[in-house]
Each structure stands twice: as structure tokens, then as C-alpha cells.
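Just so you know, we're using our numbering here: the sequence shown kicks off at 142 and counts up by one.
For each residue, glycine too, the CB sits at the ideal point set by N, CA and C.
Since this is a predicted model, take the numbers as computed values, not measurements.
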Amino acid sequence: IDLPSNDDIQHSFIKRKYQSVGSYADDKFTNSESRCHIYSLPYQFDTFLHLANCFQGGIFDKVRSLAMTDQRPFEHELFDKISRDFPFLQELIVLNSKPQKNKQRTSKLITFFHLVKLDLQNVHIDYVEQFLLETNTCLPRLKKLDIEYEQLAIVTNNFTNGAARYNCSQLRRIVMHEPYICGENFHSYFPLL
């Protein structure tokens, strides 16, 4: 299948008198499907849905809520780009069941300065490590976390792992959709719950 390039897509809108358009086309097929995301520039909305690996970047300073989904794994570099391109992001939803390929966490520390809500309910455990371990990501304002209890217990080593304590220390709410029994150190690990 021959798909148009990002430039072709953007030029087709400009020819129709649209001022400025951004786009990204997914050229990596999964299940014989491909997708294209087209949006006006400057981006004026507070929500950005369906961000995928083929995201080209840009400045999205009005966006407060972002949902990411893809059939391919998200890597550390994409989260770094998102932290820079969405500087005032307050809510992040990650949907991805594929394990990360590059698990060498030698990259620079990523900081989401304004992130208060993080949804990791439907992810591979690699993304829980990506966001909760302070060697990967800094979340100084995180207040609400949606997550599976089992993944949280594993990454925090039954709520004893110091490397996840900082990003969890400001949490005021944890949402888990399955029944669970709190581990011995659960409440001391999350002092504001």
C-alpha cells in the first residue's frame, strides 16, 4: 500500500486554504492498518488524543491532557520529547501492552513538572518502571495514579524500593480496579493517602 507522506498530507490542506496544519502518518503497519493524525497549528485545544510513536514533535503548550496509544512499544526518548513538547501537561494516559525494547536506562532524567494525574492501568510493567523509578522520570507534583496493584507492588518491591519512593511520596489517590490487600509497608510508602 502506498500512503502519502506527512508533507503530502500537509500540502493537501494548505492547497485548500487552511493556514497551518501539522500531521504525522504511521508508516509502520500493524494488522494491515495504518493511521494518520492531522491537527491545526498552533494547536489550541487542551486535550491531545491518540499520540503514537510516529509523533513528529512541536510545541503544544495549551495541552493539559494527553492520551498515548500504539501497537509498538514507547521508548524513553519519546517520553523525553513529550516532556519538552507538552510543557504544561497535567494528565497523561498511557495505553501500551508491548515491552520496551531499550531497557538500558542510561538516558537523561525526564521531568514532568506539572503532571498531577498518571494512568498506567493498561500498560506493560516497563512503563510503570519508566514513570515511577526516579532514575528514569521525575514527577514532583504527581497526586493521582491509576495502576494495577500487582505491577505497583513489583516495581516498588512490596513498597520498600527507595528508587520509586520520591515519585510516590506526593500521591493522594491511587485507583486500582481489582481487589487487593495492602502490603505491610503500603501506608508508610504513601504517607498522604
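- Query: Does the distance from the C-beta atom of Y330 to that of T297 stay below 8 angstroms?
  - Reply: Walking along the sequence shown from the start, residue 330 turns up at place 189. Walking along the sequence shown from the start, residue 297 turns up at place 156. Yes, the Cβ-Cβ distance between Y330 and T297 is below 8 angstroms.
- Taking only the alpha-carbon atoms, compute the straight-line gap between L256 and P240 and give it to the nearest angstrom. Position 115 of the sequence shown, counted from the first residue, corresponds to residue 256. Position 99 of the sequence shown, counted from the first residue, corresponds to residue 240. Distance between the alpha carbons of L256 and P240: 23 angstroms.
- Taking all protein chains shown into account, do 16 or more other C-beta atoms lie within 10 angstroms of the C-beta of Q197, making it buried, or fewer, making it exposed? In the sequence shown, counting from the first residue as 1, residue 197 sits at position 56. It counts as exposed.
- K249 versus Q262, R225 and S238, residue with shortest Cα-Cα distance: As a first step, residue 249 must be located in the sequence shown, where it is residue number 108. Comparing Cα positions, the closest option is R225.
- Query: What is the rounded straight-line gap between the Cα of I295 and the Cα of F154?
  - Reply: As a working mapping, residue 295 is identified with position 154 in the sequence shown. As a working mapping, residue 154 is identified with position 13 in the sequence shown. The straight-line gap from Cα to Cα measures roughly 48 angstroms.
- Buried or exposed: where does S164 fall if 16 or more other Cβ atoms within 10 Å of its Cβ makes it buried? Along the sequence shown, read from residue 1 onward, the residue named residue 164 stands at position 23. With 16 or more other Cβ atoms within 10 Å, it is buried.
- Item | E232 versus Q271: straight-line alpha-carbon distance, rounded | Walking along the sequence shown from the start, residue 232 turns up at place 91. Walking along the sequence shown from the start, residue 271 turns up at place 130. Whole-angstrom Cα-Cα distance: 16 angstroms.
- Query: Which residue spans inside the segment 203-232 form an unbroken alpha helix (DSSP H) run of at least 4?
  - Reply: 217-226
- Residue range of the alpha helix (DSSP H) that C309 falls in? The residue given as residue 309 occupies position 168 in the sequence shown. Its alpha helix (DSSP H) spans residues G303 to C309.
- State the DSSP-derived secondary structure class of I322, mapped to helix, strand or coil. Counting from 1 along the sequence shown, the entry for residue 322 is found at position 181. Correct three-state label for I322: coil.
- Item | Start-to-end residues for the beta strand (DSSP E) that takes in Q262 | Taking the first residue of the sequence shown as position 1, residue 262 is located at position 121. Residues K258 to V264.
- Message: Looking at the ligand ADP, does it come within less than 7 angstroms of N243, judged from the CB to the closest heavy atom?
- Response: In terms of ligand content, the structure shown is empty, and the ligand ADP therefore cannot be addressed.
- Item | Contacts around G199, its chain only, beta-carbon distance under 8 angstroms, and the 5 residues preceding and following it disregarded | On the sequence shown, residue 199 is found 58 positions in, with the first residue counted as 1. Excluding positions up to five away in sequence, the list reads G163, L182, Y184 and D226.
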